[in-house]
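Quick note: the sequence shown uses our numbering, first residue 2, plus one each step. Note that CB positions come from ideal geometry on N, CA and C, so glycine has one too.
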Amino acid sequence: MNENEKIERPLRRSRRTRPVRKTQGQILQEALGLEPENLRNIEAKLSIIKFLDYFSEETLDFIFKDRNVEQYITKISEKIEKFGLSGEEDKLLKKGFEDKKIVETVERLKANVEELAISKGINKSVDKRLRNLSFMVSAPLLAIAVIFLILPYFGIPVDAFLMFPLLCVFCMVPQLVKSIVVKKWYRFKEENRREIYTKNRDDFLVLKSYIGEVLANIRANLLEMEVPLELIKFSLFNRDYENLKILNQKILRGLTEYYVSFEYPEGMEPFPIPETLRQQYEKPLFPEKQKDEKNFVVLTEMKGKDGVITSFTPSLKDNLADKINQMLNDSEFTESPLKFTEIIPNYSEDMAIYCICGEITEIRVINICNWKNKFKFYLFEGKQCQCGDQIYAISLMDENTEIPEELKEIFS
C-alpha cells in the first residue's frame, strides 16, 4: 500500500477536527485591547508556577525521572532567560531565579528525596515498577495460555470451559497487581510526606518564596493592564500564597488542588468586565481544561523512516502554540494506518512523551497531517492525564523529510 492510498482511509475523529475557534487568550486580547506578547508573558509565568508548585508538593512523583525533570528545567530556564530582555520587573524575576538558585534547588531536592526513597527500598520510578511487575505477572499467565492452546496438537484434550476462567484471570490479575502497587505508592507518599518536608524545609521554602514572587509579578502586570482579575483563574496545590482567592477545590490522587484567582488590593474597585466577556465570566480564561491546546510537544532530533520512529527528544513547545495551532488549522487530517506500537516500538520511560505533571502520556489518536498538500507529519493526541492536562505531540514521519521554511522553527 503506497502513502497516497494510506491517507485515504477514513479519519478517526479527533478534537483537532473541530471547526476553528478562537482561543480564550485571543478572546481576552481582543476584548481588552491587549498585546499578544503580554498574554504570552503571563502564560509563561503561569507555566513556571505550575511546575514549581507541583514539584514542591509532590517531589516523589519526579524521582528517578532524570530526563523528564531535565526537560522541564530547560524549558523554565528558557522562559526565565527571556525575562532578562523585558521590563525591570521581569528582570528582577530573572535575578531572583538566579540568586535563589532555583535550578540547583530543584536538583538537590530530587537527589535528596531519591536518597530517602532508596533507604526505604524504592530504587526506581513507580511507572517502571508497574511495567516490570505487569510483565512478571503476565508472562507466566501467557505461557500457561499457550500451553493450553498447543496441548490438543499433541492429542491431549483440553476442556474449553477451562479456558474461560483462565482468560478472566489473565485479564484481571495485571490490573489487580497494578491497583495494589498504586495504593502502596500513595500510602508511601503520605507516610513520608512530613519527613521529606522536615529534612528539606529550607529548599522547599526557597521554591515557595520564588513562586510567591512570580505570582506577585503576574498580579501587578494584570492590574497595570487593567485586566479584570476575576477572569484569570488557575490551579495550585498549595494555598499559602498572598493575594489569592480560593474559588473551589478538589481531591486529586490524595492531594488537594485549589482553583484560584487574584484578589484586588484592599479598597480598590474591580475593573469592569466588557460585555463581550460577560458570558465567559463563569469560565476560566486560563483554565486547566483548556491548556490542552497549549501543551504541544515536538519530537525533535527524530530518527526514523517510512513512518516508524526509532528515537527522538521530546521538546515542549508551548511558546509556539499559536504557530502550531495555525499549522494544524492549515492541514488536512487522516487516520494513520499504523498503530502507535508500530510507529514508536521502543516507547518506554527512557523514550516517551511526558505530561506536564511528569506522567507518561498514553496516546489515543494518531493522525497524519497534510499541510497545504506540501508536507506531511504525525499528530499524536494523548489521553487526558489524571492531573487534568492533555498533551499533543507532533513529529516528522521520516528523518529525511524536507521541512518547509515556514515550519522549521516548530520542528527544530
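Do residue i and residue j have their C-beta atoms closer together than 7 Å?
| i | j | result |
| --- | --- | --- |
| residue 470 | residue 337 | This structure cannot settle anything about residue 470, because the visible part of the chain is limited to 2 through 413. |
| residue 263 | residue 194 | no |
| residue 58 | residue 239 | yes |
| residue 350 | residue 51 | no |
| residue 242 | residue 206 | no |
| residue 332 | residue 374 | no |
| residue 398 | residue 377 | yes |
| residue 94 | residue 249 | no |
| residue 400 | residue 303 | yes |
| residue 301 | residue 312 | no |
| residue 356 | residue 310 | no |
| residue 56 | residue 125 | no |
| residue 103 | residue 211 | yes |
| residue 201 | residue 113 | yes |
| residue 74 | residue 98 | no |
| residue 296 | residue 204 | no |
| residue 233 | residue 325 | no |
| residue 362 | residue 354 | yes |
| residue 186 | residue 127 | yes |
Whose CA, out of the options, lies closest to the CA of residue i?
| i | options | result |
| --- | --- | --- |
| residue 208 | 30, 53 and 47 | 53 |
| residue 335 | 352, 390, 82 and 367 | 367 |
| residue 33 | 274, 210 and 353 | 274 |
| residue 192 | 249, 69, 227 and 121 | 121 |
| residue 118 | 316, 385, 62 and 150 | 62 |
| residue 72 | 393, 326 and 298 | 298 |
| residue 213 | 228, 390, 49 and 394 | 49 |
| residue 267 | 249, 245, 411 and 276 | 245 |
| residue 379 | 88, 391 and 306 | 306 |
| residue 37 | 320, 148 and 340 | 320 |
| residue 35 | 223, 199 and 405 | 223 |
| residue 339 | 330, 179, 365 and 314 | 365 |
| residue 236 | 44, 79, 347 and 403 | 44 |
| residue 30 | 227, 183 and 148 | 227 |
| residue 279 | 269, 265 and 231 | 231 |
| residue 272 | 265, 257, 110 and 229 | 229 |
According to DSSP, is residue i part of a helix, a strand, or is it coil?
| i | result |
| --- | --- |
| residue 213 | helix |
| residue 316 | strand |
| residue 30 | helix |
| residue 348 | coil |
| residue 402 | coil |
| residue 360 | coil |
| residue 1 | The structure shown does not extend to residue 1, since the chain spans only 2 to 413, so no value can be given for it. |
| residue 251 | strand |
| residue 286 | Summary for residue 286: the model assigns pLDDT 42, below 50, so the residue's position carries little reliability, and this model does not support an answer. |
| residue 408 | helix |
| residue 267 | coil |
| residue 226 | coil |
| residue 77 | helix |
| residue 113 | helix |
| residue 390 | coil |
| residue 200 | helix |
| residue 272 | coil |
| residue 339 | coil |
| residue 177 | helix |
| residue 103 | helix |
| residue 150 | helix |
| residue 86 | coil |
| residue 1 | In the structure as shown, the chain begins at 2 and stops at 413. Residue 1 is therefore absent and cannot be evaluated. |
| residue 8 | Reliability fails at residue 8, whose pLDDT of 40 lies under 50, so the model's placement of it is uncertain and no value is given. |
Could you give the first and the last residue of the continuous beta strand (DSSP E) run that contains residue i?
| i | result |
| --- | --- |
| residue 365 | 364-372 |
| residue 301 | 297-306 |
| residue 393 | 393-397 |
| residue 332 | 332-336 |
In the DSSP output, what is residue i paired with across the bridge?
| i | result |
| --- | --- |
| residue 206 | DSSP output for residue 206 lists no bridge partner at all. |
| residue 72 | According to DSSP, which records beta bridges pairwise, residue 72 is partnered with nothing at all. |
| residue 262 | 246 |
| residue 237 | 259 |
| residue 355 | 361 |
| residue 310 | 305 |
Can you tell me where the alpha helix (DSSP H) holding residue i begins and where it ends?
| i | result |
| --- | --- |
| residue 383 | From DSSP, residue 383 is part of no alpha helix (DSSP H) but of the beta strand (DSSP E) over 376-383. |
| residue 47 | 37-58 |
| residue 276 | 276-279 |
| residue 94 | 89-100 |
| residue 121 | Note, residue 121: premise wrong, no alpha helix (DSSP H); not H, not E. |
| residue 64 | Per DSSP, residue 64 belongs to no alpha helix (DSSP H) and is neither H nor E. |
Determine, using beta carbons only, whether residue i comes closer than 7 Å to chain E.
| i | result |
| --- | --- |
| residue 361 | Protein chains in the displayed structure number just one, and chain E is not present. |
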